[in-house]
Every structure is written in structure tokens, then in C-alpha cells.
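Everything on this sheet refers to the single structure shown next.
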Amino acid sequence: MSENIIRDTIADIFEEVANALETGKLGKKTRVGLTILGSEHGPQELVSGAELAQDQNSDIEVVVIGSGVETSLEMVEAADEKEAHAKMDELLLQGNLDAAVTMHYSFPIGVSTVGRVITPAKGKEMFLATTTGTSATERVSAMLRNTIYGIATAKACGKSSPTVGILNIDGARQVERALKKLQDGGYPINFTESARADGGVVMRGNDLLMGVPDIMVHDSLTGNVFMKVFSAYSTGGSYESLGSGYGPGVGEDYDRIICIISRASGAPVIAGAIRFAAECARGKLMEKAKAEFAAAKKAGWDDLLKSLSCPAGPVKKEAEPEIPAPAKKPVTDSIPGVEVMQLEDAVQVLWKANIYAESGMGCTGPIVMVAPEDKEKALELLKKNEYL
Numbered sequence: 001m002s003e004n005i006i007r008d009t010i011a012d013i014f015e016e017v018a019n020a021l022e023t024g025k026l027g028k029k030t031r032v033g034l035t036i037l038g039s040e041h042g043p044q045e046l047v048s049g050a051e052l053a054q055d056q057n058s059d060i061e062v063v064v065i066g067s068g069v070e071t072s073l074e075m076v077e078a079a080d081e082k083e084a085h086a087k088m089d090e091l092l093l094q095g096n097l098d099a100a101v102t103m104h105y106s107f108p109i110g111v112s113t114v115g116r117v118i119t120p121a122k123g124k125e126m127f128l129a130t131t132t133g134t135s136a137t138e139r140v141s142a143m144l145r146n147t148i149y150g151i152a153t154a155k156a157c158g159k160s161s162p163t164v165g166i167l168n169i170d171g172a173r174q175v176e177r178a179l180k181k182l183q184d185g186g187y188p189i190n191f192t193e194s195a196r197a198d199g200g201v202v203m204r205g206n207d208l209l210m211g212v213p214d215i216m217v218h219d220s221l222t223g224n225v226f227m228k229v230f231s232a233y234s235t236g237g238s239y240e241s242l243g244s245g246y247g248p249g250v251g252e253d254y255d256r257i258i259c260i261i262s263r264a265s266g267a268p269v270i271a272g273a274i275r276f277a278a279e280c281a282r283g284k285l286m287e288k289a290k291a292e293f294a295a296a297k298k299a300g301w302d303d304l305l306k307s308l309s310c311p312a313g314p315v316k317k318e319a320e321p322e323i324p325a326p327a328k329k330p331v332t333d334s335i336p337g338v339e340v341m342q343l344e345d346a347v348q349v350l351w352k353a354n355i356y357a358e359s360g361m362g363c364t365g366p367i368v369m370v371a372p373e374d375k376e377k378a379l380e381l382l383k384k385n386e387y388l
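Counting in our numbering, the final residue of the sequence shown is number 388, and the numbers go up one at a time with none missing.
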């Protein structure tokens with residue numbers, strides 16, 4: 001080894017030690033990818049958020065995915081949103097990124113995002129379970145899953161025994177009864193009480209503003225509205241300036257950490273989302289989710305879900321055989337407009353025609369995902385069968 005290499009190596013070691021002494025952190029940085037194409041505020045706004053996150057957090061390394069900007073951050077070139085998402089997924093699955101932040105990403109059914117906000121009344125941190133995606137096509141089952149997703153995310157972010165409240169919306173009492181059955185079966189869940197005089201685990205709007213529970217459970221469409229209000233109430237709605245974005249997609253077996261931001265998210269929210277993503281990666285969110293589901297299953301989770309299940313969409317005749325899936329292929333195009341309760345039936349119609357398709361949930365609602373070369377034929381079939 002030459003003297004120059006030895007000298008450079010020693011200098012690197014001293015620099016890392018000096019950085020550790022200054023920050024109190026030593027070791028590998030958490031690498032977070034950020035796609036920058038598609039924002040209503042332009043790619044430079046997202047890059048500004050990325051630079052802010054890296055400047056403020058010496059243990060985070062941000063990788064920008066996109067084009068059209070100049071930055072000192074590591075850059076992976078991508079010409080459009082579709083290519084950016086493909087490269088982001090590839091980097092995540094290769095282990096080159098620990099987590100990622102993006103816009104307008106389509107999660108499969110069963111995965112939804114847990115947001116994190118700072119409430120205006122008392123400045124308290126609160127997790128919103130959930131804010132985008134669809135955990136299940138049946139409302140109460142979805143909110144039960146949202147509870148598990150919220151607990152896993154809160155634990156990944158350092159809350160060992162997070163408190164849970166259920167927002168007073170349709171299905172809240174059913175969710176309460178189901179969760180208490182799960183608790184009776186041995187699943188440890190820490191319910192909180194409403195700050196209103198009559199108490200109870202069902203939360204009022206006041207509790208939402210005060211941040212009474214660590215985790216507020218509701219459906220994802222309601223959560224999506226909450227995220228927009230919490231993040232943009234001080235700006236008039238066009239610029240999201242507060243919070244950490246819509247959070248990571250969580251599912252029972254989901255294999256990557258992808259945090260969602262809105263096209264209206266500004267630089268402060270971008271920086272918050274990057275910190276949130278890094279925190280989830282360091283806290284091993286995917287392992288936490290698996291552990292929570294393992295504990296829930298021991299407490300009777302599967303039987304509980306069966307007792308709540310109802311047919312999604314038109315009931316099939318008993319004699320109708322199960323349609324096998326065609327050969328799998330990348331599904332990078334999406335078809336919106338199918339009712340969520342008919343989503344799986346719509347996919348079956350395409351499978352029957354030997355078109356590979358998957359159900360999913362985009363930022364604006366349910367989608368059927370197909371390969372680009374199949375999209376025209378898929379649209380024709382879905383219209384013919386009155387799904388569109």
C-alpha cells in the first residue's frame with residue numbers, strides 16, 4: 001500500500017471520528033432516495049428539501065433520482081416519473097438505498113401509509129393510520145390493519161408502547177370491539193382515553209387537534225384529508241409547509257420502505273419526510289411490522305378477520321372456477337376509475353383474457369395496473385364489462 005493511500009485512509013478515519021465526536025453518531029449513514037420529478041413546485045424545491053435534510057442530519061445521505069437540477073448530492077439520472085420509480089425500486093431491492101421518498105406511487109392493496117404530524121394545539125407528535133393506499137377493501141378490516149401498521153411505525157420511531165385512539169367515524173365502534181377482542185386474546189395494545197369529559201377510546205375532533213393518542217386510527221381517505229390540512233393550514237393549501245409527509249407504506253409482508261409526499265409538498269416537508277424515512281429504516285420498520293402481525297395472529301387475528309369479511313363486489317356463482325393468473329410481467333401503467341369493491345373482479349376479467357394485471361391504490365384512488373402494451377385492450381375489456 002502506497003504512502004498516499006495510507007495517508008488518505010488515516011485522514012478518512014480521523015474525519016469520521018471527528019464527525020462522531022461532534023454529532024455523537026458513528027457508523028454507516030442511512031441512504032435515502034428521493035425522486036424529484038412531478039412536483040407542482042418544480043424539482044428544485046425537492047432538491048432544496050433534500051439538501052436541508054442532509055445538512056441537518058449528518059447520519060443521512062440523500063440520493064436524488066431525476067434530472068434538470070444541479071446539486072452536490074449524489075444523483076441518479078431519470079428522464080420521467082416512471083423511470084425514476086423503476087430506478088428507485090431497483091436501488092431499494094439491491095440494498096443500495098435503505099429507504100426512499102417519492103410522489104404518486106402505486107401501492108398494492110394491503111399496503112397503506114402511516115403519516116406523522118405535529119398537532120397545532122400542543123405541538124405533540126401524532127401518527128395518522130393511515131393516509132394513502134388501501135389496507136383492505138372492507139372498511140373495518142382495513143382500520144384493524146391500519147392499527148397494526150400504526151403501532152409498527154410508532155415502534156420503529158422509538159415509541160415502545162404507543163397509545164392508540166380510534167377516530168369517531170363510521171365503523172369506529174366495530175373496530176373498538178374487534179381490537180378489544182384481540183387484546184383479550186393476548187395482543188398488547190395500549191388504548192388511550194379521549195380528553196373530553198365522557199372519555200373512551202373513540203376520539204373526537206378535539207382529540208385530533210390536541211394529539212391525545214400517539215396513533216389515531218381511521219380510514220386512509222379521511223387520513224389523506226387530515227394530512228393536507230395539518231401540513232398546509234397555514235399556507236392556504238397550495239404549499240405544504242409542515243410535517244413529515246404521508247409516511248411509509250406498511251403491509252404484512254411489504255419488502256421496502258417508501259415514504260410518500262404530495263405534489264404540493266414544499267422543502268420543509270421534503271426534509272421531514274427524508275428524516276422520517278431514515279428513522280423507519282434505522283428502526284427496522286419491516287421487522288417491526290412482521291413482529292406485530294405475528295403477535296396479533298397468536299391472539300386470534302385470522303379468525304377475527306374472517307368474522308368481519310364480506311364479499312367484495314358482485315358475488316360469484318359457486319360453479320365459477322378460479323381463474324389462474326397469466327405469466328407475470330412488469331405492470332407500469334395504471335387504469336383508474338374502478339370501484340374499490342369491484343377491483344379484484346376487474347383483475348379477474350383481464351386474467352380471463354390472458355392479460356396480466358394487479359390491483360393497486362394510487363394517490364387518487366383504486367387502480368388496475370397493467371403492462372403498457374396491454375393497456376388499450378384492458379381498457380376495452382373493462383368498459384365492455386361495465387367496470388369503467
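Idealized CB from N, CA, C, for every residue including glycine.
DSSP three-state assignment for residue i, whether helix, strand or coil
i, result
"L91", "helix"
"S234", "coil"
"A100", "strand"
"P314", "Only weak support is given to the placement of P314: the predicted model assigns it a pLDDT of 40, under 50, and the question is left unresolved by the model."
"G66", "strand"
"G133", "strand"
"C280", "helix"
"L167", "strand"
"A296", "helix"
"G266", "coil"
Chain-order list of residues whose beta-carbon lies under 8 Å from that of residue i (same chain, five-residue window excluded)
i, result
"G243", "G115, R116, V117, I118, M227, F230, S231, V269 and G272"
"A423", "Look at the range of the chain in this structure, 1 to 388, and you will see that residue 423 is not part of it."
"K290", "E252 and D253"
"K317", "Confidence at K317 is low in this model, with a pLDDT of 45, below 50, so the placement of that residue should be treated as unreliable; the coordinate-derived value is given next. Correct list: empty, nothing qualifies."
Cβ neighbours of residue i in the same chain (closer than 7 Å, five flanking residues each side left out)
i, result
"S161", "N190"
"P43", "I36, L37, G66, G68 and V69"
"P248", "T113, V114, T153, I257, I258, C259, A277, C280 and L285"
"Y105", "H85, I258 and I260"
"M75", "V64"
Top-ranked residue by Cα proximity to residue i, from the options
i, options, result
"E373", "S265, G360 and Y356", "Y356"
"A264", "M361, T235, D255 and I274", "T235"
"K155", "N385, L382, L285 and P108", "L285"
"L382", "E358, A371, I335 and M341", "I335"
"L144", "T153, D345, A172 and N168", "A172"
"R256", "G68, V62, G95 and A84", "G95"
"E83", "E45, G66, L388 and R139", "G66"
"Q183", "W301, A79 and T132", "W301"
"G123", "G283, T132 and D207", "D207"
"V250", "S141, R139, P108 and D333", "P108"
"S72", "Q54, K87, E81 and D80", "Q54"
Pairwise C-alpha distance: residue j and residue i
i, j, result
"G199", "E193", "5 Å"
"T137", "N168", "20 Å"
"Y149", "E125", "17 Å"
"G237", "G185", "44 Å"
"L92", "V32", "9 Å"
Burial state of residue i, where buried means 16 or more other Cβ atoms lie within 10 Å
i, result
"D214", "buried"
"A129", "buried"
"I151", "buried"
Residues near residue i by beta carbon distance below 6 Å, same chain, minus five either side
i, result
"L343", "S359 and P366"
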